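In our numbering, the protein residues as written are 714 to 1297.
Where a beta carbon is used, it is the ideal one built from N, C-alpha and C, also for glycine.
None of the values given here were measured: they were computed from a predicted structure.
The structure appears right after this line, and notes come after that.
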RNA sequence: GGGCUUGUGGUGUAGAGGCCUAACAUGCCUCCCUGUCACGGAGGAGAUCGCCGGUUCGAAUCCGGUCAAGCCCGCCA
């Protein structure tokens, strides 16, 4: 007699085996009882006959989700009794001995049901939810992805180093989770928003290739593609790298392989394209474009600068642009659907949503009367529009138009179901501007990460137009989701001082704020670069989920609560006192 | 912080001023059943329709507020 998993029972015909698992369902025929026993490998039918005496009596009392062990002989079923729908449908276990290892109350959510269950209930009873085959598969998918990541990095001589979870509050970026220090009342640790500083210090510490699948913590509002509180990154960093392209070419085969070999999906591009940030913004209205569909933004300013439509000409006169996207077969949209899209456009900052449809080879609409015939022809030609297409315009400052049309592009793609779930489009967004114009405060500010290396180093910082400086920084985008962010780091103290000096911060400020890292850089920091992949988000897209909580065992809900464990919780006064924390 | 959507037996849904003493499916309980596989059959229990207030002769249904959830904006690498 040996212990066997359900799926392995198929190979045990004629043998006596023991299986253990949960009661998935019970079919009691009065004189004959069938039990489907479930483990993580699937379902196996147990057959209990009245001749088994005590065992039969025990089986009559079984209910869903009881935990049982059954011992008996595996027999092949007669041909007409085989169930082709399940893997073990050709056999059954004739039970001689049955042990109830634990009972179960009637479960609040049905494990064996196909019904979609309210997420709130699923999270409250996550341990039941996790018993469902789909969730079991998810957990195993995740483990398999981790395994591949470890193997890939190990093969390339990266070593895994764990970095502190009790770390420091960081000045940039998201809101911190703070941990009061008992030994230093009034002082706090912070949970790391990324292992960024530690991994750079590892480079200084002579570790040339580091990686870690690291938990990171951010106290920001969640979204469907953004977990609350904590998530995981495949975090890597390598020394003696001065060009981000080296990191990109090293890492992209891993991701491409995960797409084809792990997720069994098609890569849209044989060679993952590099798209400069500004081109992405201009062409797709987004720094994380979904490239599975077209609908590129086309600049029509040159054609329309003298047209009769004041909305357009005024925008151009004030230094703005007129751009448009072509929605294939978009004239099938109803008036109210158009109104819905118009609402969306307005929410993104547009004044309205002018549009034309194409009939008999030329654009037309209620606003067509403002345009000369050759202007309409020009629009049609530049948009490469065919009969039945919808042309949607945006006119304003360039940034506003890009934002509006970029958002509409996504909305139209959703509506017309242009996102092929079996295809993965990867791209790298490169050349992020180092500085950006802050419209609110009317001054220049850091575009993204002040610690990445300006392209061209110290010399490049001397240019007149600081907005023309680029950072050697890059994001990887998968089907419209940012799944990786990285950069060549600024390892040179002089460059770091100058980068801040341009914004008016002096040496003393930099030293006070970033002294720890700056000190290290004074003692022979090698040039280095790296990146971090969002593991959860990548897995979500690879397995075709549209909510990131579906690929996490125990996610928090939208208001940051764990409904199962009831966290966060209140704390005893005595405990607060010990930590030197005053109650509000 | 703001916007949109949703809230009805344990679970998933229907009902959209009087057909509601709230329907259906599933689950649960009792009984019957020796080849089912989401077994089947008979019977039964289970819901103050998220909460508070208002309109009305009459509210699950309309209105106001409130709470909760999901999505989005803000925020966030």
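Pair within 7 Å by beta-carbon distance, residue i and residue j
i: residue 1107; j: residue 1036; result: yes
i: residue 1105; j: residue 1034; result: no
i: residue 1298; j: residue 960; result: Only positions 714 to 1297 of the chain appear in this structure, which leaves residue 1298 out of reach.
i: residue 825; j: residue 738; result: yes
i: residue 1070; j: residue 1103; result: yes
i: residue 1230; j: residue 906; result: no
i: residue 1318; j: residue 1038; result: As displayed, the chain neither begins before 714 nor continues past 1297, which places residue 1318 out of reach and without an answer.
i: residue 1042; j: residue 998; result: no
i: residue 1252; j: residue 835; result: no
i: residue 757; j: residue 722; result: yes
i: residue 1109; j: residue 1028; result: yes
i: residue 688; j: residue 901; result: The requested residue 688 is not part of the displayed model; the chain covers only 714 to 1297.
i: residue 1026; j: residue 1010; result: no
i: residue 778; j: residue 820; result: yes
i: residue 987; j: residue 1143; result: yes
Nearest residue (CA-CA) to residue i, options the options
i: residue 695; options: 914, 1076 and 772; result: Look at the range of the chain in this structure, 714 to 1297, and you will see that residue 695 is not part of it.
i: residue 718; options: 742, 782, 957 and 1025; result: 782
i: residue 849; options: 982, 888, 753 and 908; result: 753
i: residue 1300; options: 1164, 1178, 1191 and 1179; result: As displayed, the chain neither begins before 714 nor continues past 1297, which places residue 1300 out of reach and without an answer.
i: residue 1099; options: 1072, 759 and 779; result: 1072
i: residue 1249; options: 1159, 1191 and 1234; result: 1191
i: residue 776; options: 748, 1207, 1000 and 908; result: 748
i: residue 1239; options: 1216, 1201 and 1253; result: 1201
i: residue 755; options: 1124, 965 and 733; result: 733
i: residue 931; options: 958, 903, 1156 and 819; result: 903
i: residue 1149; options: 882, 991 and 1045; result: 991
i: residue 730; options: 805, 762, 742 and 1002; result: 805
Residue i (DSSP reduced to helix, strand or coil)
i: residue 738; result: strand
i: residue 930; result: strand
i: residue 725; result: helix
i: residue 1041; result: coil
i: residue 976; result: coil
i: residue 1205; result: coil
i: residue 1167; result: strand
i: residue 987; result: strand
i: residue 1248; result: helix
i: residue 887; result: coil
i: residue 854; result: helix
i: residue 1133; result: coil
i: residue 1304; result: Absent from the model: residue 1304. The displayed extent of the chain is 714 to 1297, so no value can be given.
i: residue 795; result: coil
i: residue 868; result: helix
i: residue 846; result: helix
i: residue 902; result: strand
i: residue 1176; result: coil
i: residue 1000; result: coil
i: residue 1253; result: helix
i: residue 762; result: coil
i: residue 801; result: coil
i: residue 1006; result: coil
i: residue 815; result: strand
Cβ neighbour criterion (16 or more within 10 Å) applied to residue i
i: residue 985; result: buried
i: residue 750; result: buried
i: residue 1021; result: exposed
i: residue 801; result: buried
i: residue 1120; result: buried
i: residue 935; result: buried
i: residue 1246; result: buried
i: residue 812; result: exposed
i: residue 1067; result: buried
i: residue 896; result: exposed
i: residue 1278; result: exposed
i: residue 1259; result: exposed
i: residue 1255; result: buried
- the stretch 949 to 963 / the stretch 908 to 924 touching (three or more Cβ pairs under 8 Å): yes
- Message: Three or more C-beta pairs under 8 Å: does that hold for the stretch 918 to 937 against the stretch 862 to 882?
- Response: yes
- Query: Do the stretch 1083 to 1097 and the stretch 1044 to 1055 meet, that is, are 3 or more Cβ pairs less than 8 Å apart?
  - Reply: Three or more beta-carbon pairs separated by less than 8 Å are not found between the stretch 1083 to 1097 and the stretch 1044 to 1055, which leaves the two stretches without contact.
- Message: With three or more C-beta pairs closer than 8 Å as the rule, is the stretch 1257 to 1268 touching the stretch 935 to 944?
- Response: yes
- Can we say the stretch 820 to 837 touches the stretch 787 to 795, given the rule of at least three CB pairs closer than 8 Å? no
- Query: Hey, is the stretch 1061 to 1076 in contact with the stretch 1088 to 1100, meaning 3+ C-beta pairs nearer than 8 Å?
  - Reply: Yes: at least three Cβ pairs fall under 8 Å.
- Inter-stretch contact at 8 Å, needing at least 3 Cβ pairs: the stretch 1174 to 1185 / the stretch 997 to 1013: Verdict: no, contact absent.
- Message: Is it the case that the stretch 1012 to 1021 contacts the stretch 1203 to 1221, given that we only count it when at least three CB pairs across the two stretches are under 8 Å?
- Response: no
- Message: Contact between the stretch 971 to 981 and the stretch 1135 to 1147 is defined here as three or more beta-carbon pairs at a separation below 8 Å; is this criterion met?
- Response: Yes, the stretch 971 to 981 touches the stretch 1135 to 1147.
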